[in-house]
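K.L.:
The structure's right below; bear with me while I get my questions together.
Residue numbers (full-length UniProt numbering): 1 to 317.
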């Protein structure tokens with residue numbers, strides 16, 4: 001992608017106008033392709049590619065640089081591989097609810113309700129990290145012992161709550177990966193949300209194929225997308241900690257738009273963490289609403305993940 005960007009870019013600057021990172025440096029994607037030192041400041045959202053008439057991908061440029069020279073990764077590997085707060089159940093079931101790592105911390109009541117629903121249908125659950133934060137540094141993911149464990153248990157399908165987990169796990173084994181919304185739809189557990197014109201934020205992990213949103217959309221009436229022109233929520237690619245000015249611009253853009261719209265509906269727990277940090281009004285999680293759980297993002301993240309570490313199906317009965 002680096003050489004393609006240098007060769008094919010027509011310098012229309014659509015990417016620069018759209019992306020706070022590129023606009024901060026007043027560069028386009030072809031110029032980014034010559035700035036390896038900036039690889040860690042890209043949010044990997046690929047909004048630039050969706051605007052580019054030549055399909056040049058800022059995410060792919062950044063990842064080429066990162067794979068050639070990985071960003072610091074020792075701390076994230078310590079935290080995520082293996083995940084410090086993982087909860088791996090032992091039951092052999094064909095379907096496995098893969099909760100990821102952020103949903104249990106941000107929406108604990110929703111997660112417990114979901115675990116109960118799945119248990120009633122003979123579906124086990126797992127709290128674990130998909131390892132995306134490690135992959136985003138450019139550090140190669142190890143051969144997946146996780147998938148071997150799943151094979152040994154006879155698991156044929158992973159049900160992912162998080163779009164990032166969904167994208168990271170898909171295609172890495174013969175095990176099928178689906179969204180939680182597709183599963184709930186299969187089980188007849190999704191019902192229309194009556195209000196018209198909900199302001200939806202599509203998370204970066206679902207913007208290219210919209211597999212999650214495709215299962216949600218039939219239950220919405222005339223949804224709006226007032227946040228569509230905005231950047232990644234701010235957590236993507238580990239970039240926020242590398243350039244405070246760009247991170248602040250992302251934050252201020254969301255605050256300004258939320259002041260106009262007054263609420264934001266999404267289905268990514270990581271996005272909810274970012275929006276909560278910005279102090280946005282009325283952050284609504286689609287999964288909570290569909291399950292009938294009245295829950296805003298919890299401010300007690302670590303208390304929740306520690307609590308979830310000891311949860312089993314038996315403890316929920």
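All residues carry an ideal CB built from backbone N, CA and C; glycine is no exception.
All of these numbers come straight from a predicted model, not from anything done at the bench.
1) Give the single residue among 242, 239, 200 and 63 whose Cα lies nearest to the Cα of residue 228.
2) Using a 10 Å radius around the Cβ and a threshold of 16 neighbouring Cβ atoms, would you call residue 204 buried or exposed?
3) Indicate whether the contact test is met: 3 or more Cβ pairs, each with one atom in the segment 67-80 and one in the segment 273-280, closer than 8 Å.
4) Are the segment 90-99 and the segment 249-267 touching by the rule of at least three beta carbon pairs closer than 8 Å?
5) Could you have a look at residue 216 and say whether DSSP puts it in helix, strand or coil?
6) With H, G and I counted as helix, E and B as strand and the rest as coil, what does DSSP make of residue 196?
7) So what does residue 224 bridge to, in DSSP terms?
8) State buried or exposed for residue 225, treating a residue as buried only when at least 16 other CB atoms are found within 10 Å of its CB.
9) Kindly provide the ranges of any beta strand (DSSP E) runs that are 3 or more residues long and lie completely inside the segment 7-53, ordered along the chain.
10) I believe residue 28 touches residue 42 by the beta-carbon criterion, under 8 Å. Please report the beta-carbon distance rounded to the nearest angstrom.
11) According to DSSP, is residue 185 part of a helix, a strand, or is it coil?
12) So which of 91, 164 and 192 has the shortest CA-CA distance to residue 151?
13) In whole angstroms, what is the alpha-carbon distance linking residue 132 and residue 239?
14) Distance check for residue 84 and residue 178, CA to CA, integer angstroms please.
15) Is residue 87 helix, strand or coil by DSSP?
16) Looking at residue 63 and residue 122, is the spacing between their C-beta atoms short of 8 Å?
17) Beta-carbon within less than 6 Å of residue 94's beta-carbon, same chain only, minus the 5 sequence neighbours each way: which residues are those?
18) Leaving aside the five residues before and after residue 13 along the sequence, list all residues of the same chain whose C-beta is less than 7 Å from its C-beta, in chain order.
19) Taking only the alpha-carbon atoms, compute the straight-line gap between residue 223 and residue 184 and give it to the nearest angstrom.
P.N.:
The answer reads as follows:
1) A check of alpha carbon separations from residue 228 across 242, 239, 200 and 63 identifies 200 as the nearest.
2) Per the 10 Å Cβ criterion, buried.
3) They do not touch, by the three-pair rule.
4) As far as the Cβ criterion goes, the segment 90-99 does not touch the segment 249-267, which means the pair count is below three.
5) Correct three-state label for residue 216: helix.
6) Strand at residue 196.
7) Checking the DSSP bridge columns, you'll see residue 224 partnered with 199.
8) Its Cβ having fewer than 16 others within 10 Å, residue 225 is exposed.
9) You should have found no qualifying run.
10) Contact between residue 28 and residue 42 does not hold, since the beta-carbon distance rounds to 13 Å and is not under 8 Å.
11) DSSP places residue 185 within a helical segment (H, G or I) once states are collapsed to three.
12) For residue 151, the closest of 91, 164 and 192 by C-alpha to C-alpha distance is 91.
13) Distance between the alpha carbons of residue 132 and residue 239 is about 14 Å.
14) Looking at the two C-alpha atoms, the distance is approximately 25 Å.
15) The three-state secondary structure of residue 87, taken from DSSP, is strand.
16) No, the pair does not count as a contact, with Cβ atoms beyond the cut-off.
17) If we look at residue 94 and ignore the five residues flanking it on each side, its Cβ neighbours are 156.
18) Counting only Cβ-Cβ distances below 7 Å, and skipping sequence neighbours, we find 28.
19) In a straight line, the C-alpha of residue 223 is about 20 Å away from that of residue 184.
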